Structure formats: structure tokens, C-alpha cells
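S.K.:
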Amino acid sequence: MSVNKARKIGFFSALAILIGSVIGIGIFLKNRSVFAANNQNGYGILISWIIAAVVSVCTAFSFAEVSSTEHSKAGLAGWAGKLIGKRTGYFIKVNMPFFYFSILMVTIFIFTGEALFSLFDPNQKIPFYWVVIASIFIFIGLVALNTFAFHASKQMQMVITIVKFIPIILVIILGFAFFNQVQGGNRFEVMETPGNGTQPIGPINPAGILSSLPAILFAFDSFLGVGNLSKEMKKPQMVSKVIVVGMIFCSIIYILITVVQILVGKGIVSDVFAAIFSDNETAKTTFNYIVKISMFIAVFGVANSITMTSIRSFDYVIHERIIYKADVLHAMSGKREMIPGAILFTLSCIPWFAINLILAIVFKHDAFTDGISNFPTLFFFAVYGIVILFGIINRRTKKVKVEKVKGFMPIAIIACVGILIIFGYQFFYDFMYNAFSNPNGTLSWGVFYGPSTADKVKNWQGSIVFFSFIILFIGMPFINYLLVKKDKERQAIKLKKEIKKLCLNQ
Numbered sequence: 017m018s019v020n021k022a023r024k025i026g027f028f029s030a031l032a033i034l035i036g037s038v039i040g041i042g043i044f045l046k047n048r049s050v051f052a053a054n055n056q057n058g059y060g061i062l063i064s065w066i067i068a069a070v071v072s073v074c075t076a077f078s079f080a081e082v083s084s085t086e087h088s089k090a091g092l093a094g095w096a097g098k099l100i101g102k103r104t105g106y107f108i109k110v111n112m113p114f115f116y117f118s119i120l121m122v123t124i125f126i127f128t129g130e131a132l133f134s135l136f137d138p139n140q141k142i143p144f145y146w147v148v149i150a151s152i153f154i155f156i157g158l159v160a161l162n163t164f165a166f167h168a169s170k171q172m173q174m175v176i177t178i179v180k181f182i183p184i185i186l187v188i189i190l191g192f193a194f195f196n197q198v199q200g201g202n203r204f205e206v207m208e209t210p211g212n213g214t215q216p217i218g219p220i221n222p223a224g225i226l227s228s229l230p231a232i233l234f235a236f237d238s239f240l241g242v243g244n245l246s247k248e249m250k251k252p253q254m255v256s257k258v259i260v261v262g263m264i265f266c267s268i269i270y271i272l273i274t275v276v277q278i279l280v281g282k283g284i285v286s287d288v289f290a291a292i293f294s295d296n297e298t299a300k301t302t303f304n305y306i307v308k309i310s311m312f313i314a315v316f317g318v319a320n321s322i323t324m325t326s327i328r329s330f331d332y333v334i335h336e337r338i339i340y341k342a343d344v345l346h347a348m349s350g351k352r353e354m355i356p357g358a359i360l361f362t363l364s365c366i367p368w369f370a371i372n373l374i375l376a377i378v379f380k381h382d383a384f385t386d387g388i389s390n391f392p393t394l395f396f397f398a399v400y401g402i403v404i405l406f407g408i409i410n411r412r413t414k415k416v417k418v419e420k421v422k423g424f425m426p427i428a429i430i431a432c433v434g435i436l437i438i439f440g441y442q443f444f445y446d447f448m449y450n451a452f453s454n455p456n457g458t459l460s461w462g463v464f465y466g467p468s469t470a471d472k473v474k475n476w477q478g479s480i481v482f483f484s485f486i487i488l489f490i491g492m493p494f495i496n497y498l499l500v501k502k503d504k505e506r507q508a509i510k511l512k513k514e515i516k517k518l519c520l521n522q
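Heads up, the sequence shown is in the numbering used here, so the first residue is 17 and it goes up one at a time.
1. Hey, out of Tyr59, Thr177, Phe234, whose CA is closest to Met311's CA?
2. Do the CB positions of Ile339 and Val122 come within less than 9 Å of each other?
3. Taking just the CA atoms, how far does Tyr497 sit from Thr323?
4. Return the bridge partner residues of Lys474 from the DSSP annotation.
5. Can you give me the C-alpha to C-alpha distance between Thr104 and Phe395, rounded to a whole angstrom?
6. How close, in whole Å, do the beta carbons of Leu99 and Val416 come, if the pair is a contact with beta carbons under 8 Å?
7. Flag Leu488 as yes when its Cβ comes closer than 8 Å to any non-hydrogen atom of the ligand SAH, and as no otherwise.
8. Please classify Trp368 as buried or exposed, where buried requires at least 16 other C-beta atoms within 10 Å of its C-beta.
9. Around the Cβ of His381, are there at least 16 other Cβ atoms within 10 angstroms (buried) or fewer (exposed)?
10. Is it buried or exposed for Lys472, if we count other Cβ within 10 angstroms and need 16 for buried?
11. For the pair the segment 68-79 and the segment 401-409, tell me if three or more CB-CB distances fall below 8 Å.
12. Should Pro426 be labelled buried (16 or more other beta-carbon atoms within 10 Å of its own) or exposed?
13. Could you check which residue in Met492, Ser460, Phe265 has the C-alpha nearest to that of Asn55?
14. Could you give the distance in angstroms between the alpha-carbon of Gly281 and the alpha-carbon of Gly262?
15. Since I believe Ser49 is in contact with Ala14 (beta carbons under 8 Å), could you give me their beta-carbon distance rounded to a whole number of angstroms?
16. Going by CA-CA distance only, name the one from Asn139, Ile278, Phe192, Asn221 that's closest to Glu205.
17. Taking contact to mean 3 or more Cβ pairs, one atom from each stretch, closer than 8 Å, check whether the segment 219-227 and the segment 437-450 are in contact.
18. Please determine, among Lys422, Arg412, Ile402, Pro455, the residue with the shortest C-alpha to C-alpha distance to Val433.
19. So is Phe153 buried or exposed if we call it buried at 16+ other beta carbons inside 10 Å?
20. Tell me whether Gln173 is buried or exposed, calling it buried when 16 or more other Cβ atoms sit within 10 Å of its Cβ.
21. Among the candidates Gln442, Val307, Val378, whose CA atom is the shortest distance from the CA of Phe483?
22. Out of Ser134, Ala470, Ile43, Ala431, which one is the CA nearest neighbour of Asn304?
23. Quick one: what's Ile334 bridged to in DSSP?
24. Taking Cβ to Cβ, would you say Thr128 is nearer than 9 Å to Phe316?
25. Given this structure, state the Cα-to-Cα distance separating Phe51 from Lys250, to the nearest angstrom.
26. When the Cα of Phe107 is compared with those of Asn296, Val333, Leu518, Lys180, which residue comes out closest?
27. Indicate whether Ala376 and Val147 have their beta-carbon atoms separated by less than 9 Å.
28. Where does Ile322 sit, in a helix, a strand or coil, going by DSSP?
29. Looking only at its chain, what residues have a beta carbon closer than 8 Å to the beta carbon of Val431, apart from the 5 residues adjacent to it on each side?
30. Would Ile292 and Phe181 qualify as a contact pair, given that the criterion is a beta-carbon distance under 9 Å?
31. How big is the Cα-Cα spacing for Phe114 and Phe125?
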């Protein structure tokens, strides 16, 4: 076997990267807002997770066929380009790095900072803006690691993937074994006076179920990021199998943990042990630190894993000359192939760190960061749905040759319908109807540094943020296109002048 081949990623390494990308932040941090959106009702919470899991797995399964249209490092953009057209491929090529990865990664690094601060500041006495500042240094460190020591990063990711399952296994085993010891914690039982500091339980609310789905989809997202590593794999055609196997595994783990959290009435994983061992201070403290340390490692692992794919996504748009001034960055390529991608990735994240830092200073909580983190996932699930829809149409038109997957049609239809309902509800009901009919109603955004009841994000505020991101999502590729076009025109004029000058001199 050649040295280059030996350094390629195998099936299990790719699976570890996928699991490392998916499992971590969502299940550890997002269930608090899911519990709040569902009025603490266990059945509503569980239904939310099952719906999101079904939609996510069906989406992943659908890409087993969709991804067979083209085995290239373009990933989703390449598949969309084949099935829909070059303009759609271009739209995704620009938005994937500059919208999806930039916004998502900044929020993930901030969540990593929150997980770190929870170890020594459990009561959130340190101002939230210090968390954002700390997250910037974590970001710089991981970008450097994945640029100059990618092999070491891969090895670290394998270890992190193993370590992150320590709290997951402990939560599942001890949660199911001792949940009966938690007085009044069971969210499946409607009680007037819940015990152990838990909140009152409301009825199943369909609106709450639908409102909580973007946060859960956040927990499932990033599974297509492994597609950007296809050129690093020994067998690029194995990408689709990695995605399907990994997503089914993640779904099972997520639902098991959620059931435990429902049984003890805690939306944060680290609080599960505090509830189980409420009468044993030593055990409570010990398990609390074990889980919080493991949680930080897990969230750190997600940040590292997605940094890998982010840099490669940015590097791709540079080498393909897709973005404005790509030639300048491409000229920086030397022996270190990923340096231009790392530079552009860093530059694209700076504005989002600045925005989140300003929000942290002004509002003193993480609710906006939490809400913003859902938008890249929500918007790109809509993109996934559109690409899958054209995959369904392709079965009829046979426009593109694909490797047909048994069961694709019914499963792809489920994925498309599910995504349409989720995105449509957010667009028309949560951020349009609610913003006008109940502008001062509140959203359930917030993680560790969540807002007080009086400071919760209002419906009208959430609507402004949502539609601002819609405009950015649609407008960014067009702005880039116009800039590139203008730059090419300037270069053409400059070239003509040089040729004319050369002719006159002769």
C-alpha cells in the first residue's frame, strides 16, 4: 500500500468523524429549549425527537442515491449541480462555506466556551461576553491544528469520539436504573406539584412540537459534512453508507438519552445526575464533574470535527475560483495546501464572532446565539429537501445516471414532506404569524447563559433575526456573483490596455 493510500481515511475513521460531528452539542445543550417549547410534557418532547429523527434518517438515506450522481469533493453542491443545474450548485457552493459553516461554527465554538466555563462557573457569574472571547481563542487553536497537523487532529478525533460516550453510557445506564429515585421528576406523568425543582407540566402542544424541531435538527445536522472529506477517503463511494449507518446510530442514542432526561425531568444532561443523586452530595458532585468534563470534550470534538470539513469547504471554493478575489488566496498555496482555506474560513467567521460579542455585551445572555445556531441547519435542511425532490423527479426523467437504492422513493417522499412542514411552520407561523398576532410572546432560546423570564427574546425580535438571515442566505451568492463579474470585467479592461500598449510600443 502506498504512503498516500495509507494516510487516507477508512470507513470507520469517516464514521468516527461523522459521529463526532453529530453527537455532542445538540443532545447535551439543546434539550433545555425543547423541554421549554413543549411545556415540559414528556410525550411532546419524545414525539418531537422521533419526528426529527425520522426526517433526519430519511434525509440521510435519500442521499445514499442522490450522492451517487457525482463522487467529488464538491459534496452537496456537486450533487445539486448534477440534478438541478449549475446555478443551484453555485448557490450552494457559496452558501455552504460562507453561510452554513461560518455561522454554525461560530455558535458551536461559543457553545464550546460555555461548556468549558460550566466547569468552574456553574452559576454563570462570569459575564457571557468573556465566554465569547474565550471561544475565539479555542477557534484559533483548532483552525491552526487542522491546517498544520491534520493527521494529529484525526487521531484526536478518534479519541474524543470514544471519550464522549462516557457520559452518554453513564446517563443511559444510571438514568434507567435510578430514575424512580427522583421525586416528581417524571415528565410523562402530569402532576400539579412536580418535585426536585422541576417545572409544571403542560398538555401536549402541537405548536410546541413543531417549534422545537429546528433545535433538534441542529443536533442531527452536519452529517453531510463528511461528503467534503470524500477525496480524503480510501473509497469515496462509501460516503453514503457512512452517512446512513452513522445517522441511524445517532438517532438511537439521542432518543435513549432523551427518554432518560424525560424520566428525571431535566433538559440538561449534566443535571440528570444531580437529580438522581440529590441525597448523596459526594456522588452528585463526582458525577456532575465527570459529565461536565466529558461534555466539554464532546462539544470540543464537534468543533474540531466540523472545523476539518469547514476548512476543506473553503479551500474548495478558492481552488475552483468561485469567490471574489480567489486568485489572491490561491496564490498563497504552497506546501501547505489548506492554508488559503483556513485563512478564508477565519476571515468569514470574524464578523459573526463580532456580532455575537456585541449581542453578549448588550443582552448579557446566550439566547440570540442559541436561536441563530438553528438557522443554518433549518435553511440547509430546506436545501436538502429541494435536492432530494429533484432526486425523486430524476427517477422519472432519468436526466442523471444514479445508483438506484431500494426504498428510495417512499423514504425520499417522507423526507421532503417532513422538511416542508418543518420549514413552512417556522417561516409562516413561528416567525410571521406569531410575530404579528403575539409580538410580545417569548421564544424558548437559551442554553447555559439563558435569559431570565423578563429578558427572553420576543417573537418580533426573533422574526427580525430570522428574516434578516433569509435575506442574507438568498443575497450572498448574488453579491458574490456580481463582485466576481465586476472583477473579471476590470481584469479584461486591464488586459486590453496592456495589449494595446504593447502594440503601440512595437
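Every residue gets a Cβ at the ideal spot worked out from N, C-alpha and C, and that includes glycine. Given the structure is predicted, the values throughout are model-derived calculations rather than measurements.
M.R.: Reading from the atomic positions:
1. Met311 has its Cα closest to that of Thr177, out of Tyr59, Thr177, Phe234.
2. no
3. Inter-residue distance for Thr323 and Tyr497 is about 26 Å (C-alpha atoms, whole angstroms).
4. Thr458
5. 14 Å
6. 6 Å
7. The ligand SAH is not part of this structure, which contains no ligands at all.
8. It is buried - the Cβ of Trp368 has at least 16 other Cβ atoms within 10 Å.
9. buried
10. buried
11. yes
12. Per the 10 Å Cβ criterion, exposed.
13. Ser460
14. Cα to Cα, Gly281 sits roughly 28 Å from Gly262.
15. Only positions 17 to 522 of the chain appear in this structure, which leaves residue 14 out of reach.
16. Ile278
17. Because the criterion of three Cβ pairs below 8 Å is met, the segment 219-227 and the segment 437-450 touch.
18. Ile402
19. exposed
20. Result: buried.
21. The alpha carbon of Phe483 has as its nearest neighbour, out of Gln442, Val307, Val378, the alpha carbon of Gln442.
22. Ser134
23. Answer is none; Ile334 lacks a bridge partner.
24. If you check the CB distance, Thr128 and Phe316 come in under 9 Å.
25. 42 Å
26. Val333
27. yes
28. Taken through DSSP and simplified to helix, strand or coil, Ile322 comes out as helix.
29. Reading the sequence as shown, one finds Ala at residue 431 and not Val. Correct list, in chain order: Val71, Cys74, Thr75, Phe77, Ser78, Tyr400, Gly401, Ile404.
30. no
31. 16 Å
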